[in-house]
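Below is one structure, written out as structure tokens, with a few remarks after it.
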Ligand SMILES: Cc1ncc(COP(=O)(O)O)c(C=O)c1O
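In the numbering used here, the protein residues as written are 1291 to 1687.
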């Protein structure tokens, strides 16, 4: 066997991708599987954004750009942060990357020394602990209690921060729980940040997907901690642009310059054509965002009605993002079709194998008693998927 680094051997594969892949393989083999695993909008990228990309190609805008992003795009990001988030950056405080995922990696690589700790509230997005380890840090998981709907436990958060903590990762709206932090919750967390010397990486990628008229609040907008916050965002979710790979962040100039150094040696600038498309996304009409949010809210309401009718326990109404995070612990120890369900992975396997509906087990998100159901799927697929899920779960009763 070839020599592989310990770092990579210890790196877990994304369970979201594994389940999505399993569903795709079954579909390719002709099995009618409904996949409710994806974390990406199922809408096309809006036409005016695609047209901007076509124009970029026709104008031969196909070469390297400045490493940190084009001046035009950086200007658009500065304006977006200012008008949407009350965050006021100079161009030197912005770095454009190949997706928010790369932004997070760059930021952590810029900040961490081996052994530095990063506090990650759980349930968390699957990639945070892996990216922290890749950047030589140690993830410290602060598990917010399911009983309080996974809302922040301030005392626990404070206890998780020790002398080696350098970074706190925040994610609102949250993947996978759908929790959207209120202004007072963000304020409480901002107070802890102020007391300590840590840096917050605030992942706000689902910012535009908030329901029932809620407002997203950026922690970086709180006075007194502005120089401690790196705010990460991107166009993947808001503009249905997952494949274009554009993310960006704004933060203290020292961190951004260091992160740009990492990027300059690893990938250099993000795709030039996608940068032009992103300018069109940020500067152009925002109507498509509202249309997508309304559709997501309709789907959320539909699923909630269906699941409430089933009367299952542990159903929480997501306030944002595109997921239900269902408690399934009460199925553990039960059997159906000869399968013993010991954990959420067994349940996910059982559901995909016997009922042809794919969901992601909560273990991947640091909450093993749960399962994530994505509503980034057409209404027809959701109807079929929920039918199958309910039928599958009824077998246990
Ligand atoms: C919470 C969260 N942050 C970041 C990302 C990555 O986004 P991007 O496509 O911009 O890399 C995702 C994608 O699923 C996500 O769920």
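No residue lacks a Cβ here, since even glycine has one placed at the ideal position from N, Cα and C.
- When C-alpha distances from residue 1326 are compared across 1670, 1582, 1338 and 1509, the shortest belongs to 1670.
- Runs of the beta strand (DSSP E) lying entirely within the stretch 1518-1587, each at least 3 residues long, are 1519-1524 and 1537-1540 in chain order.
- Using a cutoff of 7 Å, the CB of residue 1359 does not count as near ligand 1, since none of the ligand's heavy atoms is closer than that.
- For the pair of segments examined, the stretch 1478-1492 was found not to touch the stretch 1428-1441: the number of CB pairs separated by less than 8 Å stays below three.
- Residue 1685 carries a coil assignment under DSSP once its states are collapsed to helix, strand and coil.
- Counting along the chain, residue 1605 sits inside no alpha helix (DSSP H), nor does DSSP assign it H or E at all.
- In this structure, residue 1497 lies away from residue 1461, with their beta-carbon atoms at least 8 Å apart.
- Taking residue 1506 as reference, the option from 1342, 1463, 1407 and 1578 with the minimal CA-CA separation is 1463.
- For ligand 1, residues qualifying as neighbours are 1329, 1389, 1390, 1391, 1415, 1461, 1465, 1493, 1495, 1524, 1526, 1532 and 1537, where qualification means a beta carbon closer than 6 Å to at least one of its heavy atoms (chain order).
- Closest in alpha carbon position to residue 1555, among 1520, 1358 and 1459, is 1358.
- For the options 1637, 1672 and 1609, the alpha carbon positioned closest to that of residue 1467 is the one of 1609.
- Going by beta carbons, residue 1638 and residue 1377 fall outside the 8 Å limit.
- Here residue 1488 is buried. Its C-beta has 16 or more other C-beta atoms within 10 Å.
- Within the same chain, 1569 come within 7 Å of residue 1362 by CB-CB distance, once the 5 residues on both sides are set aside.
- If only complete runs of 3 or more residues are kept, the stretch 1411-1440 shows the beta strand (DSSP E) at 1428-1433, in order along the chain.
- Taking a 10 Å sphere around the C-beta of residue 1370, we find 16 or more other C-beta atoms and assign the residue as buried.
- Within the same chain, and ignoring the five residues on either side of residue 1478 in sequence, the residues whose Cβ sits closer than 8 Å to its Cβ are 1442 and 1444.
- Judged by DSSP secondary structure, residue 1371 falls within the alpha helix (DSSP H) whose first and last residues are 1361-1375.
- Annotation for residue 1336: 1529 and 1578 place their beta carbon closer than 7 Å to its own, counting only its chain and skipping 5 residues before and after.
- Annotation for residue 1636: no beta strand (DSSP E) segment contains it, though the alpha helix (DSSP H) segment containing it runs 1634-1645.
- Burial state of residue 1646 is buried, judged by a 10 Å Cβ sphere holding 16 or more other Cβ atoms.
- Assigned with DSSP and collapsed to three states, residue 1479 falls in helix.
- Judged by DSSP secondary structure, residue 1459 falls within the beta strand (DSSP E) whose first and last residues are 1455-1461.
- Our two residues, residue 1606 and residue 1594, have alpha carbons roughly 8 Å apart in a direct line.
- If you compare the alpha carbons of 1446, 1596 and 1393 with that of residue 1410, the shortest gap goes to 1446.
- Taking all protein chains shown into account, residue 1493 has 16 or more neighbouring C-beta atoms within 10 Å of its C-beta and is therefore buried.
- Within a 10 Å sphere around the beta-carbon of residue 1684 sit fewer than 16 other beta-carbons, which makes this residue exposed.
- Your pair residue 1678 and residue 1321 does not check out as a contact, with CB atoms roughly 12 Å apart and the cut at 8 Å.
- Contact annotation: residue 1634 and residue 1526 have beta-carbon atoms that are not nearer than 8 Å.
- For residue 1398, the enclosing alpha helix (DSSP H) starts and ends at 1390-1401.
- Remark: three or more beta-carbon pairs, one from each stretch, lie closer than 8 Å, so the stretch 1408-1424 and the stretch 1380-1398 are flagged as touching.
- For residue 1326, there is no enclosing beta strand (DSSP E), as DSSP gives it neither H nor E.
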